[in-house]
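These notes concern the structure reproduced below.
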Amino acid sequence: MSSTPYNRQNSFALFSAENPTKQQSGASLDAEFNAVKISLDDTQQNLAKIQDDDGALKRGSVGQAQFDSSVSLGFAAPSQWASGGLYTANVNTVFHDSIFFIANTTHTSGVSFDASNWDEIADFTAAAAIPDDSITSAKLADGAVAANKLADGVVANSKLATGAVSTSKIADAAASAVKLGADVPGFLRDIILPAGLGPLPYSGTTPPTGWDWADGGVLLVSTAFTALRQLYIDASFPYGQDGSGNPKKPDAKGSLIVGKDNMNGSAAGRVTSAGSGIDGATLGARGGTESSTLARANLPNVAPTFTGTQGAALSNSSQVNIGGGAIGGMQSGAGTFVMLNGVTQAQISSTYTPSGTVQSLNGGVPQTSFTNMPPSLVCNMIIKAH
Numbered sequence: 119m120s121s122t123p124y125n126r127q128n129s130f131a132l133f134s135a136e137n138p139t140k141q142q143s144g145a146s147l148d149a150e151f152n153a154v155k156i157s158l159d160d161t162q163q164n165l166a167k168i169q170d171d172d173g174a175l176k177r178g179s180v181g182q183a184q185f186d187s188s189v190s191l192g193f194a195a196p197s198q199w200a201s202g203g204l205y206t207a208n209v210n211t212v213f214h215d216s217i218f219f220i221a222n223t224t225h226t227s228g229v230s231f232d233a234s235n236w237d238e239i240a241d242f243t244a245a246a247a248i249p250d251d252s253i254t255s256a257k258l259a260d261g262a263v264a265a266n267k268l269a270d271g272v273v274a275n276s277k278l279a280t281g282a283v284s285t286s287k288i289a290d291a292a293a294s295a296v297k298l299g300a301d302v303p304g305f306l307r308d309i310i311l312p313a314g315l316g317p318l319p320y321s322g323t324t325p326p327t328g329w330d331w332a333d334g335g336v337l338l339v340s341t342a343f344t345a346l347r348q349l350y351i352d353a354s355f356p357y358g359q360d361g362s363g364n365p366k367k368p369d370a371k372g373s374l375i376v377g378k379d380n381m382n383g384s385a386a387g388r389v390t391s392a393g394s395g396i397d398g399a400t401l402g403a404r405g406g407t408e409s410s411t412l413a414r415a416n417l418p419n420v421a422p423t424f425t426g427t428q429g430a431a432l433s434n435s436s437q438v439n440i441g442g443g444a445i446g447g448m449q450s451g452a453g454t455f456v457m458l459n460g461v462t463q464a465q466i467s468s469t470y471t472p473s474g475t476v477q478s479l480n481g482g483v484p485q486t487s488f489t490n491m492p493p494s495l496v497c498n499m500i501i502k503a504h
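My numbering applies: residue 119 is where the sequence shown begins, and numbers increase by one.
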C-alpha cells in the first residue's frame, strides 16, 4: 500500500498577512500536524516492510516476483533438496540444512547431498535470535501467524510486546499447546486459577506444581508462593499468623469445609455460634467434634408414669361392739366388713400410696460417647498458591 501523501491544510503565512494582530488558530495547527503525522506514520510503516531494524534490506522482502523478467531468466524458485532429482546448473536452487544453494553442475542427485555440485548463496543456520519485546503488532500482518509458521515451543512470553498479538494476527487454530513456550502455559494457568483457590480435595500424595498443602503451615518471606502469602496479608490474616507478621495457611487437616455463612454480606443463619458452636460469619473459624456424650440437659423434659393394682386379703375374724354388745363379723378382702349373718352392715375404705424409684433409662451401664461423623473419604487438601 502506498503512503498517504501529505496535503497541506492551511497557509500560515497568508493568515498572518491577512490577520497581523491575531494568533494562529490552535485547531489549524493541530490539523496541519496531524496531516504530517499521518503521512510520516504511513511512510515509516511502509519502510519497515523493506528495511530491517539494522538498516539492511528486509530479510525475505525480495522474492521472485520482485525481479525483472530479465533477471529471473535461468533462476528457478528454490525448493527443498530431494534425492533422485534432476538439477540444472545455474538454474535450480535448493534449501538443504538451512543453507540456500544453486546448482553449479547439471546432475541427478543421489541418496545423499553432494556439496560439490552446489554453490552456497546464503547460510541461515545461525539466524539472529529475536530480541525480547521485538515482535510488535506492526510487524505482523493480519492472519500471518499460522500453525505451519511456528516451530514447537517457540512462542515465549518474553518475546511478545504488550498487546502485540491480537486476534486478527493469529490464523484460526494456529495457537495449539505444542506451539507455546514452557513459560506460557504456567502464565495462563495462574490467570485461570487464582492464588487462594481451595482448599480442594486431592487424591495424590505430592501437591502438583503451583499448589501447596492446606495444612495450617506458616508462609515465610522466603516462600516460593509470594502471591498466596500476600493474599492472606491483605486479608488481615484470616487463618492466623506466627506473631511475626507471617500468615498461616488454612488448616484443613481432619476437617470438613463449610461455606462462610454471610458471604457477599447476607447471613443465611445456617452455621452460628449459638447453634453449632462455630462462628459461621468469621473466615477461618473452627469448631465441631468427632464424637459427643449426652448430658442430662440434652434429654427431653419427661415425667415417667406407671399403673398398677392394689389389694389386701384378711382371714381373721373379729368382733365389733355395737350398742354395748359384741357382734361377730369378718373383714373381706375388698375392705368391706361383713356380719356373720351375711348382711353387710358397714364398709371400710382405704387409700394406698406406693413409693420407690424408676429404673435408669440406659439400664445403669456406664455412659459412652457417640460418633458425629457422616460417611467420609480421606483425601489430601490443597490450595492454589502459584
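Glycine included, each C-beta is placed from N, C-alpha and C at the ideal position.
Could you check which residue in the options has the C-alpha nearest to that of residue i?
| i | options | result |
| --- | --- | --- |
| K257 | Q198, Q163, S230 | Q163 |
| G402 | P492, K155, D148, P356 | P356 |
| K378 | Q184, C497, G387, S494 | G387 |
| G335 | S321, T161, Y350, A413 | Y350 |
| M381 | T400, D369, L374 | T400 |
| R126 | D260, K367, K155 | K155 |
| D237 | L132, G363, T206 | T206 |
| Y124 | N416, L158, T344, A291 | L158 |
| S201 | A292, A195, T226 | T226 |
| A292 | D260, L318, G322, L311 | D260 |
| T489 | L417, A503, D160, S409 | S409 |
| Q485 | I396, F231, A413, P319 | A413 |
| D232 | D170, D215, F242 | D215 |
| S234 | A240, A221, F242, D241 | A221 |
| I217 | W199, M491, I310, S252 | W199 |
| A345 | G328, Q359, A135, D241 | G328 |
| G316 | T407, N152, I168, L374 | L374 |
Just verifying my parser: in three-state terms, what is the DSSP assignment at residue i?
| i | result |
| --- | --- |
| Y357 | coil |
| S146 | helix |
| M499 | strand |
| S409 | strand |
| D369 | strand |
| A444 | Low confidence applies here, because A444 scores a pLDDT of 47, under 50, leaving its location unreliable; read the following figure in that light. Three-state DSSP puts A444 in a strand. |
| Q141 | coil |
| V154 | helix |
| L175 | strand |
| T161 | helix |
| T489 | strand |
| I168 | coil |
| N364 | coil |
| S394 | helix |
| L375 | Looking at the sequence itself, residue 375 is Ile, so the reference to Leu does not match. Here I375 sits in coil by DSSP. |
| S197 | strand |
Check whether the Cβ of residue i sits closer than 7 Å to any heavy atom of the ligand HEM, and report yes or no.
| i | result |
| --- | --- |
| G144 | What this structure holds is no ligand at all, so the ligand HEM is not there to describe. |
Tell me where the alpha helix (DSSP H) around residue i begins and ends.
| i | result |
| --- | --- |
| D330 | Not the alpha helix (DSSP H): D330 falls in the beta strand (DSSP E), residues 329-331. |
| D352 | 344-352 |
What are the boundary residues of the beta strand (DSSP E) that includes residue i?
| i | result |
| --- | --- |
| Y124 | Element bounds for Y124: n/a, residue is neither H nor E. |
| L318 | 318-320 |
My assumption, with CB atoms under 8 Å, is that residue i sits in contact with residue j. Please give the rounded CB distance.
| i | j | result |
| --- | --- | --- |
| V209 | F219 | That belief does not hold up - the Cβ atoms of V209 and F219 are roughly 12 Å apart, past 8 Å. |
| I501 | K366 | The pair is not a contact, with the Cβ atoms about 12 Å apart (cut-off 8 Å). |
| A353 | A503 | No, A353 and A503 are not in contact; Cβ-Cβ is about 15 Å, not under 8 Å. |
| A332 | A370 | 4 Å |
| M499 | P319 | 6 Å |
When the cut-off is 8 Å and only beta carbons count, does residue i lie next to chain B?
| i | result |
| --- | --- |
| S340 | Going by chain labels, chain B is absent from the structure shown, which holds only one protein chain. |
> Which full runs of the beta strand (DSSP E) of 3+ residues lie inside the stretch 204-242, going along the chain?
Replying inline: 211-214, 217-221, 236-241
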